[in-house]
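All remarks here apply to the structure that follows.
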Amino acid sequence: MAHTYSMESIVLQTHNVGEADRFCILFTKEKGKIAARARGVRKLTSRFGGSVLPLSHITAEIRECSAGYMITGAARIREFPHTNISAFMLAQQGLELLINTLQDEDALPEIFDATLHFLQECSDNKEHTIVPFTLQLLHLFGLLPDKKSIEGFGKHSQNQILYMEHSITGDWSTLQTLTLEERKAFSQLCSSLISEISMRPLHTGSVIKDMRAIGSIR
């Protein structure tokens with residue numbers, strides 16, 4: 001028996017299928033990452049085709065049947081415009097990181113909310129977003145400790161500790177400036193942890209690269 005759900009969703013990625021369909025990778029607040037097909041949304045007469053596009057925050061009507069998930073309707077809550085190409089690329093890196101680290105149908109509402117915060121920061125053309133977002137993800141995945149125990153996590157400088165604290169709590173406006181040695185140690189840790197949770201190599205290639213170049217990021 002088919003079941004229909006209304007889900008708050010972030011469109012992570014889409015692929016055109018056939019003459020008018022769109023295959024969508026959604027990060028839903030209720031069910032986590034799912035793949036769903038939206039039939040006929042590329043037709044000019046489609047009522048919701050403009051809503052199921054990457055970087056869109058939507059309410060999706062999703063029917064679960066034997067063939068999988070089908071999007072039967074969608075209403076845009078907000079779109080995250082990126083007139084700045086650098087901000088757009090940072091947002092794309094963040095979405096790719098999610099695609100490669102999230103398990104299918106595993107609800108993670110805290111990560112969902114953190115992603116909305118990240119996309120809004122990118123939309124506001126904030127320069128320093130991908131590194132703190134990655135650290136926040138690692139924390140929410142349980143790979144970085146909470147604020148109370150972070151000082152006992154490895155050998156890190158006070159600057160690094162404060163950087164991690166502010167990153168995992170979403171307080172990105174007061175990030176510390178790191179020295180060269182702090183950057184090297186920090187980037188090695190983050191690169192290693194990202195590699196552990198990523199299910200395949202990141203195609204944009206710059207999430208890991210940005211970790212290693214953290215020196216230019218406050």
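Quick note: the sequence shown, position 96, residue 96 per the numbering used here, numbers continuous.
Every residue, glycine too, gets a C-beta built ideally from N, C-alpha and C.
Start-to-end residues for the alpha helix (DSSP H) that takes in residue i
i	result
Ala114	109-123
Asn16	Segment 3-17 is the beta strand (DSSP E) holding Asn16; no alpha helix (DSSP H) there.
Ala87	85-101
Residue nearest to residue i in terms of C-alpha spacing, selected from the options
i	options	result
Leu116	Ala2, Leu12, Tyr5, Ser6	Leu12
Thr177	Tyr163, Asp171, Ser167, Ala2	Tyr163
Ile130	Asp104, Leu97, Asp106, Phe141	Leu97
Ala185	His156, Ser195, Glu165, Phe27	His156
Leu119	Asp21, Arg47, Ser56	Ser56
Arg22	Arg37, Gly170, Ile10	Arg37
Phe112	Glu30, Glu127, Ala74, Ser167	Glu30
Gln160	Asp171, Gly170, Arg183, Trp172	Arg183
Asp124	Phe133, Ile168, Thr83	Thr83
His166	His15, Phe133, Gly142, Lys43	Phe133
Ala114	Val17, Asp171, Thr179	Asp171
Ser6	Lys43, Gly18, Gly73	Gly73
Spatial neighbours of residue i in its chain, beta-carbon cut-off 6 Å, leaving aside the 5 residues before and after
i	result
Asp106	Gly32
Ser216	For Ser216, the pLDDT reaches just 43, beneath the cut-off of 50, and the residue's location in the model is therefore unreliable, although a value from the coordinates is still provided. If we look at Ser216 and ignore the five residues flanking it on each side, it has no Cβ neighbours.
Glu79	Ser56
Ala75	Thr59
Val207	Confidence is the limiting factor: at Val207 the pLDDT is only 47, short of 50, which leaves the residue's position unreliable, though a coordinate-based value still follows. Closer than 6 Å at Cβ, skipping near neighbours: Gln93, Leu97.
Thr169	none
Gly205	Bear in mind that a pLDDT of 44 at Gly205, under 50, signals an unreliable position, so the number given afterwards is only what the model happens to contain. Counting only Cβ-Cβ distances below 6 Å, and skipping sequence neighbours, we find nothing.
Val17	Phe23
Leu144	Leu138
Same chain only: Cβ atoms within 7 Å of residue i, ignoring 5 sequence neighbours per side
i	result
Ile34	Leu26, Thr28, Tyr69, Asp104, Glu105
Leu90	Cys122, Thr129, Ile130
Residue i, enclosing beta strand (DSSP E) - first and last residue
i	result
Thr28	21-28
Glu64	56-65
Glu220	Limits of the chain in this structure are 1 at one end and 218 at the other, which puts residue 220 out of reach.
Thr134	From DSSP, Thr134 is part of no beta strand (DSSP E) but of the alpha helix (DSSP H) over 130-140.
Arg39	It is not in any beta strand (DSSP E) - Arg39 carries neither H nor E in the DSSP assignment.
Thr72	68-79
Anticipated Cβ contact below 8 Å, residue i with residue j, distance rounded
i	j	result
Glu8	Thr59	6 Å
Pro54	Leu108	With a Cβ gap of about 19 Å, Pro54 and Leu108 do not count as contacting.
Other residues of its chain near residue i: CB distance less than 8 Å, five sequence neighbours each side excluded
i	result
Val41	Ala20, Asp21, Arg22, Phe48, Gly49, Val52, Ile71
Ser198	Leu97, Asn100, Thr101
Thr14	Arg22, Phe23, Cys24, Ile25, Val52, Leu53, Pro54
Check: Does the segment 186-195 touch the segment 133-142, meaning 3 or more C-beta pairs lie closer than 8 Å?
Finding: yes
Check: Using 8 Å as the threshold, is the segment 2-17 in touch with the segment 51-65, meaning 3 or more CB pairs across them?
Finding: yes
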